[in-house]
Amino acid sequence: MEGVLGARNIPLRGAKEMQGMSRQTSNNPSLGHTMMPLENYGSLMQTIRERFDVIGQLKASHAADFARAESAAFHGRKIVEGTAFACLVAIENGLTTIPRDAKGQWNAEDIFKNLKKKGLEVLPSPSVIRPATPDEEKEHGVKTTIEGLPERRLTHDELIAIYQRLHGWAHELNPYTWVEHDTFYAKHSPALWSDLERLERFLERHFISIRGKGFYCTLRDKNDGQTKVLPLQK
């Protein structure tokens, strides 16, 4: 999303309605409930927000450096996977279907590569919702605009690279390769904490859409701190 996007006649939910988005039932058919895309997206974002909260607690804790880092990397990897699933939900919302070979996938790298191969470039776009300026209101007839934050964006390839780096923390260190955990931490932790910060800035407030239908998400609402997802349509 470049520059400013007019949000004409968007059906915004009120804050009270959106409080119910913090927890949703699983879309597992065996539970007798299939979630709509809005519910599904909200559930994914709530879980991602909780993982960022845990990462923040780990970063501030006094536990051993390596243990903190590998635990944070675990949650970071799950966040990238949740982001890949969120892209599938956004595609389902806009196209009413998702690629058949994407269903049943869990590996974020494979999902992103499949979507990119099919030309489905849908990704969260870091953005803020703000009142339209007088000129924007006059030119586009809108009261509200979504303004992109291009400096916070991540591409499919950047997300895949982060995912791969996070995987480096997933297994116990081979003592014949790394003598000390502290040595591994010293070499790889700067990239780890930087990647996790980039992911949070990428998802903190974002817009995602395909064919004019999408969602705006804030992981922490300024008024009550809750995770909220608004359905938007151009």
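Under our numbering, think of the first position of the sequence shown as 60, with each following residue one higher. Each residue gets a CB set at the ideal place from its N, CA and C atoms; glycine is no exception.
If you follow the alpha helix (DSSP H) that L232 is part of, which residue opens it and which one closes it?
-> From DSSP, L232 is part of no alpha helix (DSSP H); its letter is neither H nor E.
CA-to-CA distance, A245 to T207, given in whole angstroms = Here the sequence assigns Gly to residue 207, which means Thr is not the residue at that position. Each residue's alpha carbon lies about 35 Å from the other.
Nearest CA to the CA of W252: which residue from E168, R136 and E109?
-> R136
Nearest-angstrom beta carbon gap, A132 and W237 [assumed within contact, 8 Å] | W237 to A132, Cβ: 15 Å. No contact.
Roughly how many angstroms lie between the CA atoms of L232 and H240, to the nearest whole one?
-> 8 Å
With a 10 Å radius around its C-beta and 16 neighbouring C-beta atoms as the bar for buried, classify A119 as buried or exposed.
-> exposed
Integer-rounded CB distance, given that G163 should sit under 8 Å from R270 | Incorrect: roughly 24 Å between the Cβ atoms, too far for contact.
Spatially closest choice to I170 from G141, L291, Q285 and Y100, by CA coordinates = G141
Check whether I114 and L255 have beta carbons under 8 Å apart | yes
Option in I150, S130 and E196 with minimal Cα separation from L174 | I150
Alpha-carbon spacing of L179 relative to G284, whole angstroms = 32 Å
Give the straight-line distance between the Cα atoms of T192 and S248, rounded to the nearest whole angstrom.
-> 43 Å
Sort out for me which residues DSSP pairs S186 with in a bridge.
-> G207
Through-space distance from A122 to K176, alpha-carbon basis | 42 Å
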